[in-house]
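S.K.: Per my numbering, the sequence shown starts with residue 21, numbered consecutively. Backbone N, C-alpha and C fix where the C-beta goes; we use that ideal spot for every residue, glycine too.
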Amino acid sequence: MAGVRNVGITAFVFWTVMLGTTVPTPLYPLYEESIGIVPVEVTILFAVYALGVVAGLLTLGRLSDQIGRKPVLALALLLAAASAVLFLVSDTLALLLVARVISGFSAALATGAGTAAIGEQLPADRKWLGPVLALVANMGGLASGTMLSGILAEWAGHPLRVSWIVDLALIAISFVGLTMITETVRRSRATFRFERLTIPPEIRGQFLRAAGAAGAGFAVLGVLTAVSGILLGTELDKHDPALTGFVVFLGFVFTGTGQLVDRRLPNQVSLPASCVALIAGAALIAAAVLGPSLPALLSAAIVVGLATGTGVSAGLRAIATGAPPERRGAAFSSFFAILYTFLALPAIGVGIVIEYANLHWAAGIFTLVVGLLALTVLISLSRTRPRQPQHA
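This is the structure we're talking about:
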């Protein structure tokens, strides 16, 4: 019974930290009105979060192995609380940027420590549940944050305050729960060093193709997260935080669903299916902006989410089954660092194009680049499949 309690509490802590990272998404149009930020600054706000995650993964990824899962999860909660407080009092872009960077570090810490702790707390005959529960906590938190703040911003008073007060309440509950779980790691001295990106030569081809497909999907999710509110307001005249939250909610929920679906697909089907779906998703985004069309936008969030989840799952499987154990952890960190870089940089590019041209130009260029990247990976897969059928 204690084991079930520990797993549940750890998953809740993980979920809470990830929830806080997406609370701002439906609120960005409100921040535009309240402190006068422009679309390119909104995309930079989103991008610095992703870059914070990358920096955290590459500098703090091994910390929970050294000082324990509980202290690192506690630190993740402290950083999440600091980010929420900064958002609560922010009236300048500079404070919002600091809050987003801190939020990125909290996500990086929780992702590694939470995933490991959940797996370690399960009995031997249920270890297979570890990745599933970690996925639910991770993607469920990301999806819940957008939906929660969207609903509160739509129907509660003081929309730029109440969402963060609720977030802080969840963090407080998580802190109490964290004191009740058992540590699973023997502590040692913490050492800090910058980890290089590591691509095991044994799986270089599979790694790069999976990173290309999943990265293209992350790029689309990043842009959806950063500019959905702008798109809905300027093109569809729907100034509705709950709807903005729902669009991003769909993207994250179906990313998690795609990872679960991929477990039942043959290895040789995963990445080709991901690439085809990404090309279709890019076309739907173009239709959503140029139409404009809300059904196309909702469909794009679903299709791209499924494609992204499938690509991520294929990459994780390639690392888990093909990388030597002594390089596996570094390979996982490198994979996610690449994905979060894809999440950040295209969003900034789209924001710049919106600022100096318009949303139609931004959508056209972005969807063309995503479609070409997915097509390139697909062509590469067709050429390598005969030689590596097990990982194609």
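(1) Suppose you measure from the CA of residue 361 to the CA of residue 231; what does that come to, to the nearest Å?
(2) How would you write the range of the alpha helix (DSSP H) that residue 324 sits in, first residue to last?
(3) Should residue 90 be labelled buried (16 or more other beta-carbon atoms within 10 Å of its own) or exposed?
(4) Which of helix, strand or coil does DSSP assign to residue 259?
(5) How far does the alpha helix (DSSP H) with residue 90 in it extend, from its first residue to its last?
(6) From residue 316 to residue 271, what does the alpha carbon distance come to, in whole angstroms?
(7) In whole angstroms, give me the CA-to-CA distance for residue 339 and residue 30.
(8) Write down every uninterrupted run of the alpha helix (DSSP H) in the segment 215-281 whose length is 4 residues or greater and which is fully enclosed by it, in chain order.
(9) Does the Cβ of residue 399 have 16 or more other Cβ atoms within 10 Å, making it buried, or fewer, making it exposed?
(10) Where do the ends of the alpha helix (DSSP H) carrying residue 287 lie?
(11) Would you identify the three-state DSSP class for residue 394, choosing helix, strand or coil?
(12) Taking Cβ positions, are residue 324 and residue 252 nearer each other than 9 Å?
(13) Looking at the unbroken alpha helix (DSSP H) that takes in residue 197, where does it start and where does it end?
(14) Between the segment 49-64 and the segment 371-387, can you find at least three pairs of beta-carbon atoms closer than 8 Å?
(15) Going by other Cβ atoms of all chains shown within 10 Å of its Cβ, with 16 needed for buried, is residue 294 buried or exposed?
(16) Report yes if the CB atom of residue 39 is closer than 9 Å to the CB atom of residue 95, and no otherwise.
(17) Could you say which of 337, 32 and 397 lies nearest to residue 200 if we only look at CA atoms?
(18) If residue 188 and residue 101 are in contact, beta carbons under 8 Å, what's the gap, nearest whole angstrom?
(19) Under 7 Å Cβ to Cβ from residue 306, same chain only, skipping five residues before and after it: list those, please.
(20) Is it buried or exposed for residue 177, if we count other Cβ within 10 angstroms and need 16 for buried?
(21) Can you have a look at residue 216 and say buried or exposed, based on whether 16 or more other CB atoms are within 10 angstroms of its CB?
(22) Between 113, 303 and 269, which lies nearest to residue 170 when the distance is taken from Cα to Cα?
(23) From this set, 104, 380, 26 and 327, which residue's C-alpha is nearest residue 143's C-alpha?
(24) Would you mind working out which of 273, 185 and 322 sits nearest residue 297, comparing C-alpha positions?
(25) Among residues of its own chain, excluding the 5 on either side of residue 292, which ones have a beta-carbon nearer than 7 Å to its beta-carbon?
(26) What do you get for residue 255, buried or exposed, if any count of 16 or more other CB atoms within 10 angstroms of its CB means buried?
(27) Could you give the distance in angstroms between the alpha-carbon of residue 329 and the alpha-carbon of residue 159?
(28) Going by the CB atoms, is the gap between residue 139 and residue 151 shorter than 9 Å?
(29) For the alpha helix (DSSP H) that residue 413 lies in, which residues bound it at each end?
(30) Go through its chain and collect everything with a Cβ distance to residue 396's Cβ below 8 Å, but skip five positions before and after it.
(31) What would DSSP say about residue 403, mapped onto helix, strand or coil?
(32) Excluding the 5 residues preceding and the 5 following residue 229 in the sequence, name in chain order all residues of the same chain whose CB lies nearer than 7 Å to its CB.
(33) In chain order, what residues of the same chain lie with their CB nearer than 8 Å to the CB of residue 277, ignoring the 5 residues before and after it?
M.R.: Straight from the coordinates:
(1) 11 Å
(2) 314-342
(3) buried
(4) coil
(5) 89-109
(6) 13 Å
(7) 25 Å
(8) 224-254
(9) exposed
(10) 287-310
(11) helix
(12) no
(13) 179-198
(14) yes
(15) buried
(16) no
(17) 32
(18) 6 Å
(19) 383, 384 and 387
(20) exposed
(21) exposed
(22) 269
(23) 26
(24) 322
(25) 398 and 401
(26) buried
(27) 10 Å
(28) yes
(29) With the chain covering 21 to 412 only, the question about residue 413 has no answer from this structure.
(30) 232
(31) helix
(32) 291, 397, 400 and 401
(33) 325, 326 and 329
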